[in-house]
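Participant: Residue numbers (this note's numbering), protein chains in the order written: chain A, 1 to 328; chain B, 329 to 579. Even for Gly, the Cβ is constructed at its ideal location relative to N, Cα and C. Note that the structure is predicted; figures quoted are calculated from it, not measured.
And the structure:
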């Protein structure tokens, strides 16, 4: 009952925040005009709403939802709330692949697919490294994530500087890298939505089996979980979700870390509830953060990553201090 | 069978068989390989030589989900940072029986409630496991293993967090359930007296080998205890059984 209530409240809040975010912007447009724009009026305001604000708000919701759901999955596998796509290097891998795709001149709808492949490669690499010395621990995964993030960052810088194609759009690309929702087209949004739907579906099918990781991998195995298959599938879902998020918004930190952790106190740890709730709450957080990014210093824009970092970093510190004895 | 961690051989030529309904205590000094033997039996470590067979089928060939319906393991680690409720933890025992979509059946719900009732966890069922005492958590994890409705229950120090009276009570309850339902119990126990009170058979491990295996009365002699654990333990007769006492400590 409580779960249904929380999920409905989150869905309602997400819908309301999305409506507000479509109504508010650096160009003020009257609500009646917004409605007629959505219905297809042809003036400038119609274009702003249909081609700029609406896809951006939907993109923000998709990004936040994916990051938070991916965070819930990674935390579940590692049985530790200190994991998310950002700190495990998954986002960095996705960014590198996306930058390579853009540098090679790939069309916008290809970018989410490239980002997914990059995320997949990164997450598999980090897990392989983490398993070398025995069971996977959060410490080894985070260390692998740190190494991979710096390495991918260096490669990204190298590509940005040396690619003529990117040099022309350096400002836009840098803005995206720092975490900024930049939905280029409805097609890109559509491709990302399909990728996210796939990731969410896998995650929901595996949710009960992720619960079995609560006492570690060995106990999950004795409870009947095929570790190799399940871990690979969950990591695949994580890669789908983070790849789509990175393609739309670059490196956005802390949403994936903070949202699932906070939700556990409200609806408990069971992943069948946590994953969908994280998706809704992450979407809500990101729509609000992106609205802030667009309006706080309007007409200029803050990278949304700066806002999530500002709110998320202190939270992460508190988390780190409180759960220190469980890090290893 | 023989088992090793890397180059370090921990179990040597251990032959060991359990029948359904049997209650076996594995005892031995620290580092004798007791936990390793349990992990080999659980299929968590593949033996270097030999095999573990369940009804004449090597468990190495059995998929994990099928194995989990036959062999339940009570883990030594039951710390979790996540606020699962006791009922959710017990329900983890049904993981192997989830359908393709991860859904539980009516049978699963019945098994979970039965395990909760058997370990008297009813009043705690909706409580968060990370807020319980060590002993309560241990009971929840035992209930999780019971909910697996397996034919073999493997336990590693199942009473480590309980006081002496609760230790006895817990083992008595487990022994009765094993008798009623015909499942076998193999349990590592440090406390020799608890082991002899609980088990119908005692297997003594020393330096990776099974050195004695039989009824507790036959195994727990002064000679065996001194040979395996060294001097400092006295075996006394108490009615028809033996008890082991630490010799007086002089400083």
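Are the C-beta of residue 264 of chain A and some C-beta of chain B separated by less than 8 Å?
Facilitator: Answer yes: the Cβ-Cβ gap between residue 264 of chain A and chain B drops below 8 Å somewhere.
Participant: Can you pull the chain B residues whose beta carbon is under 8 Å from the beta carbon of residue 77 of chain A, in chain order?
Facilitator: Going along chain B, no residue has its Cβ under 8 Å from residue 77 of chain A, so there is no contact; the nearest lies around 12 Å.
Participant: Quick one: which chain A residues come within Cβ less than 8 Å of residue 416 of chain B?
Facilitator: Per Cβ cutoff of 8 Å: 211, 268, 269, 270.
Participant: Going straight from the alpha carbon of residue 125 of chain A to that of residue 77 of chain A, what length do you get?
Facilitator: Computed Cα separation, rounded: 16 Å.
Participant: Can you list, in chain order, the residues of the segment 423 to 443 of chain B whose Cβ is nearer than 9 Å to any Cβ on chain A?
Facilitator: Taking 9 Å as the Cβ-Cβ cut-off against chain A, the residues of the segment 423 to 443 of chain B that qualify are 423, 424, 425, 426, 428, 429, 430, 431, 432.
Participant: Would you mind working out which of A:259, A:276, A:222 sits nearest residue 285 of chain A, comparing C-alpha positions?
Facilitator: Nearest of A:259, A:276, A:222 to residue 285 of chain A, Cα basis: A:259.
Participant: Might you give, ordered along the chain, the residues of its own chain that have their beta carbon closer than 8 Å to the beta carbon of residue 328 of chain A, omitting 5 neighbours on each side?
Facilitator: Bear in mind that the predicted position of residue 328 of chain A carries a pLDDT of just 41, short of 50, making it unreliable; the figure below should be weighed with that in mind. Contacts found: 137, 138, 139.
Participant: Could you name the residues of the segment 205 to 236 of chain A whose beta carbon sits closer than 7 Å to any beta carbon of chain B, in the order they occur along the chain?
Facilitator: Residues passing the 7 Å Cβ filter: 205, 206, 207, 208, 209, 211, 212, 214, 215, 216, 218, 219, 221, 222, 223, 224, 225, 226.
Participant: Who are the near neighbours of residue 426 of chain B in its chain, counting only those whose CB is closer than 7 Å to its CB and skipping five residues on each side?
Facilitator: Taken in chain order, the residues that qualify are 432.
Participant: At a CB distance below 9 Å, what residues from the segment 66 to 93 of chain A approach chain B? Give them in sequence order.
Facilitator: Cβ contacts with chain B: 75, 76, 79, 80, 81.
Participant: Do you know how far the Cα of residue 128 of chain A is from the Cα of residue 287 of chain A?
Facilitator: In a straight line, the C-alpha of residue 287 of chain A is about 35 Å away from that of residue 128 of chain A.
Participant: Do residue 67 of chain A and residue 255 of chain A have their C-beta atoms closer together than 8 Å?
Facilitator: In this structure, residue 255 of chain A lies closer than 8 Å to residue 67 of chain A by Cβ.
Participant: The alpha helix (DSSP H) spanning residue 574 of chain B covers which residue range?
Facilitator: Residue 574 of chain B -> not in any alpha helix (DSSP H); beta strand (DSSP E) instead, spanning 569 to 574.
Participant: Return the chain-ordered list of same chain residues with a C-beta closer than 7 Å to the C-beta of residue 518 of chain B, the five sequence neighbours on each side being excluded.
Facilitator: 485, listed in sequence order.
Participant: At 3 residues or longer, and completely inside the segment 511 to 566 of chain B: list those beta strand (DSSP E) runs for me, N to C.
Facilitator: If we require 3 residues or more, the beta strand (DSSP E) runs fully inside the segment 511 to 566 of chain B come out as 512 to 516, 529 to 534, 537 to 542, 561 to 566.
Participant: Specify, as a first and last residue, the run of the alpha helix (DSSP H) that residue 489 of chain B falls within.
Facilitator: Neither: residue 489 of chain B is in no alpha helix (DSSP H) and is coded neither H nor E.
Participant: So residue 232 of chain A packs on residue 70 of chain A, CB below 8 Å; how close in whole Å?
Facilitator: With 8 Å as the limit, residue 232 of chain A and residue 70 of chain A do not qualify as a contact, their Cβ atoms being about 15 Å apart.
Participant: Figure out for me which residue from B:536, B:539, B:504 has the closest Cα to the Cα of residue 527 of chain B.
Facilitator: Residue 527 of chain B has its Cα closest to that of B:504, out of B:536, B:539, B:504.
Participant: Would you mind sorting residue 566 of chain B into buried or exposed? The rule is 16 or more other CB atoms within 10 Å of its CB.
Facilitator: Classification of residue 566 of chain B: exposed, given that the 10 Å Cβ count is below 16.
Participant: Report the option in A:12, A:219, A:156, A:301 whose CA atom is closest to the CA atom of residue 103 of chain A.
Facilitator: Among A:12, A:219, A:156, A:301, the Cα nearest to that of residue 103 of chain A is on A:156.
Participant: If you draw a straight line from the alpha carbon of residue 263 of chain A to that of residue 283 of chain A, how long is it in whole angstroms?
Facilitator: One C-alpha to the other measures close to 13 Å.
Participant: Report yes if the C-beta distance between residue 352 of chain B and residue 538 of chain B is below 8 Å; otherwise report no.
Facilitator: The answer is no: Cβ separation not under 8 Å.
Participant: Under 8 Å: do the segment 265 to 272 of chain A and the segment 405 to 419 of chain B share three or more Cβ pairs, one atom per stretch?
Facilitator: Taking 8 Å as the limit for Cβ pairs, the verdict is that the segment 405 to 419 of chain B does touch the segment 265 to 272 of chain A.
Participant: Does residue 421 of chain B get closer than 8 Å to chain D when you measure Cβ to Cβ?
Facilitator: Given the protein chain composition of this structure (A and B), no chain D is represented.
Participant: Looking at C-alpha atoms only, which residue of A:307, A:293, A:99 is the closest neighbour of residue 301 of chain A?
Facilitator: Considering only alpha carbons, the answer is A:293.
Participant: On the CB-based measure, 16 or more other CB atoms within 10 Å of its CB, does residue 345 of chain A come out buried or exposed?
Facilitator: Only positions 1 to 328 of chain A appear in this structure, which leaves residue 345 of chain A out of reach.
Participant: How would you call residue 213 of chain A, buried or exposed, if buried means at least 16 neighbouring beta carbons within 10 angstroms?
Facilitator: Result: buried.
Participant: Should residue 150 of chain A go down as buried or exposed, given a rule of 16 or more other Cβ atoms within 10 Å for buried?
Facilitator: Looking at its Cβ environment, which holds fewer than 16 other Cβ atoms inside 10 Å, residue 150 of chain A is exposed.
Participant: For residue 454 of chain B, name the three-state secondary structure that DSSP assigns.
Facilitator: Residue state, collapsed to three classes: coil.
Participant: Of all the options B:557, B:578, B:377, which has the alpha carbon lying nearest to the alpha carbon of residue 572 of chain B?
Facilitator: Out of B:557, B:578, B:377, B:557 has the C-alpha closest to the C-alpha of residue 572 of chain B.
Participant: What residues in its chain sit with their C-beta under 8 Å from that of residue 53 of chain A, if we drop five residues either side in the sequence?
Facilitator: If we look at residue 53 of chain A and ignore the five residues flanking it on each side, its Cβ neighbours are 21, 22, 25.
Participant: Could you give the distance in angstroms between the alpha-carbon of residue 235 of chain A and the alpha-carbon of residue 45 of chain A?
Facilitator: Computed Cα separation, rounded: 42 Å.
Participant: What's the gap between the Cα of residue 61 of chain A and the Cα of residue 445 of chain B?
Facilitator: Those two C-alpha atoms are separated by around 44 Å.
Participant: Counting only C-beta atoms, is residue 401 of chain B closer than 8 Å to chain A at any point?
Facilitator: Output row for residue 401 of chain B: interface = yes.
Participant: Report, in whole angstroms, the separation of the C-beta atoms of residue 392 of chain B and residue 246 of chain A, which I expect to be a contact under 8 Å.
Facilitator: Wrong, their Cβ atoms sit about 33 Å apart, outside the cutoff.
Participant: Could you spell out where the beta strand (DSSP E) holding residue 484 of chain B opens and where it closes?
Facilitator: First-last of the beta strand (DSSP E) with residue 484 of chain B: 480 to 484.
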